[in-house]
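Working notes, structure below.
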Amino acid sequence: MNSESQVDKTRLPRHIAVIMDGNGRWAKAKGQPRVFGHKNGVKAVREISEASAELGIEYVTLYAFSTENWNRPKLEVNALMTLLVETVRREIATMNKNNIRLNAIGELDKLPGKSFKALLDGIEETKNNSRMTLTLALNYSARWEIVEAAKRLSKDVKDEKVQTENINEEIFSQYLSTHNMPDPELMIRTSGEQRISNYLLWQMAYTEFCFLDIFWPDFTREHLYKAIIDFQSRERRFGKTSEQIIS
Ligand code: IPE
Ligand code: IPE
Ligand code: MG
1154 MNSESQVDKT RLPRHIAVIM DGNGRWAKAK GQPRVFGHKN GVKAVREISE
1204 ASAELGIEYV TLYAFSTENW NRPKLEVNAL MTLLVETVRR EIATMNKNNI
1254 RLNAIGELDK LPGKSFKALL DGIEETKNNS RMTLTLALNY SARWEIVEAA
1304 KRLSKDVKDE KVQTENINEE IFSQYLSTHN MPDPELMIRT SGEQRISNYL
1354 LWQMAYTEFC FLDIFWPDFT REHLYKAIID FQSRERRFGK TSEQIIS
């Protein structure tokens, strides 16, 4: 069993990105409809948020709904949107108690009105919290985000706020929806699937990946500890040699 005491608190990732995957298969294995899996996934969201905040992680970003997920059956999409409203409303008090700030990235104004409103309310009501930022990626697609950044940057070039020859990675990243966060050092995906599915493509250039063979509703804080302990055993070389890192 992985315990909190095995985590080196001096070498924590500042930002953990998560692809919460496998709700549908979890439900199917139990002979239940997919929506049952999504409902049970909420518990795991609470688990990772609280455990991360207790450890001292500053940013957790959860992939909750991709732009491609609109292609799912209407019934499932509607259920996910309703679950979003209910969960955000219900969890605000706990988030305030735990000093967690809610944030969201993605094409949010294309969400159904009620979901968008609940989200904005949640963000507003938790905006003064400072222990950890919990970001939901909703109607999110990394390619969309990069194209949006390019559009806004071109406008600033046209308006002569930015000179083309001055554009560099740092300036470009200021146009992304994650501009106020460090890049994630660790990405966790559940369900056994080993792909990025259009998530944080720019930001994960040097992220360490941890793929867990469990479905999202079964995720507990022990899995978070396991992922961080594993992360801490890796040597992050950023293109250098092992000898350069150790010396
Ligand atoms: C992740 O679980 C939740 C969302 C994508 C909203 P899935 O719904 O993708 O579950 P599987 O991968 O089909 O089992
Ligand atoms: C990725 O999961 C999106 C979310 C977890 C919200 P999917 O289940 O949509 O990804 P694919 O389709 O298996 O790549
Ligand atoms: Mg899936």
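Residue numbers (our numbering): 1154 to 1400. Idealized CB from N, CA, C, for every residue including glycine.
> So, do the stretch 1269-1284 and the stretch 1232-1250 have three or more beta carbon pairs nearer to each other than 8 Å?
Replying inline: The answer is yes - the stretch 1232-1250 touches the stretch 1269-1284, with three or more Cβ pairs under 8 Å.
> Does the beta-carbon distance from L1165 to I1210 come in below 8 Å?
Replying inline: Annotated as proximal: L1165 and I1210, with beta-carbon spacing under 8 Å.
> Which class does R1296 belong to by DSSP, given the choice of helix, strand or coil?
Replying inline: Looking at R1296 - three-state DSSP - the assignment turns out to be helix.
> Quick one: Cα of V1213 to Cα of E1396, how far?
Replying inline: Whole-angstrom Cα-Cα distance: 32 Å.
> Does the stretch 1319-1329 come close enough to the stretch 1341-1351 that 3 or more CB-CB pairs lie under 8 Å?
Replying inline: With a cut-off of 8 Å, the stretch 1319-1329 and the stretch 1341-1351 do not count as touching, because too few Cβ pairs lie within range.
>> Buried or exposed, going by whether 16 or more other CB atoms sit within 10 Å of the CB of E1388?
In response: By the 10 Å Cβ count, E1388 comes out exposed.
> Under the criterion of a Cβ to heavy atom distance below 7 Å, does N1222 qualify as lining ligand 1?
Replying inline: Within the cutoff, so yes.
> Quick one: what's got a C-beta closer than 6 Å to A1302's C-beta in the same chain, skipping five residues either side?
Replying inline: The beta carbon of A1302 is closer than 6 Å to those of Y1328 and L1329 in its chain, skipping five residues each way along the sequence.
> Does ligand 2 have even one heavy atom less than 7 Å from the beta-carbon of I1172?
Replying inline: Under cutoff, so the answer is yes.
>> Using only the alpha-carbon positions, how far apart do Y1378 and D1161 sit?
In response: Cα to Cα, Y1378 sits roughly 10 Å from D1161.
> Who are S1361's beta bridge partners in DSSP?
Replying inline: It should be pointed out that residue 1361 corresponds to Glu in this sequence rather than to Ser. Within the DSSP secondary-structure output, E1361 pairs in a beta bridge with L1339.
>> Can you determine whether any heavy atom of ligand 1 sits closer than 7 Å to the C-beta of L1233, and answer yes or no?
In response: Checking the Cβ of L1233 against ligand 1 gives yes.
>> Below 8 Å on the Cβ atoms is my contact criterion, and I expect I1253 with N1282 to pass it. Report the Cβ-Cβ distance as a whole number of Å.
In response: Cβ atoms of I1253 and N1282 come within 8 Å of each other, at about 6 Å.
> Is it right to say I1398 is buried, meaning 16 or more other beta carbons lie within 10 angstroms of its own, or is it exposed?
Replying inline: By the 10 Å Cβ count, I1398 comes out exposed.
> So who's on the other strand from L1236, going by DSSP bridges?
Replying inline: Secondary-structure assignment with DSSP links L1236 through no beta bridge to anything.
> Ordered along the chain, which non-local residues of its own chain (more than five positions away) have a Cβ less than 7 Å from that of L1175?
Replying inline: According to the sequence displayed, residue 1175 carries Gly and not Leu. Within the same chain, G1175 has close Cβ partners T1343, S1344, F1368 and W1369.
> beta strand (DSSP E) containing Y1216: first to last residue?
Replying inline: First-last of the beta strand (DSSP E) with Y1216: Y1212 to S1219.
> Of the residues L1291, Q1316 and I1381, which one's Cα is nearest the Cα of T1163?
Replying inline: Closest by alpha carbon: I1381.
>> Out of I1276, I1172, E1157 and K1393, which one is the CA nearest neighbour of L1261?
In response: When each option's Cα is compared against that of L1261, the closest is I1276.
> Which ranges does the alpha helix (DSSP H) cover as unbroken runs of at least 4 residues, wholly within the stretch 1267-1335, from first to last along the chain?
Replying inline: Taking only runs of at least 4 residues, the alpha helix (DSSP H) segments lying wholly in the stretch 1267-1335 are 1295-1311 and 1322-1326.
> At which residues does the alpha helix (DSSP H) containing V1195 begin and terminate?
Replying inline: Going by DSSP, V1195 is part of the alpha helix (DSSP H) stretching over R1187 to L1208.
> Taking 7 Å as the cut-off, does the CB of N1219 come closer than this to any heavy atom belonging to ligand 3?
Replying inline: As written in the sequence, residue 1219 is Ser, which differs from the Asn given in the question. Outside the cutoff, so no.
> Cβ atoms of T1360 and E1375: under 8 Å apart, would you say?
Replying inline: The answer is no: Cβ separation not under 8 Å.
> In three-state DSSP terms, what is V1171?
Replying inline: In the structure shown, V1171 sits in a strand (DSSP, three-state: E or B).
> Considering only residues of the same chain and omitting the five flanking positions on each side of G1177, which have a CB-CB separation below 7 Å?
Replying inline: Contacts found: R1187 and G1190.
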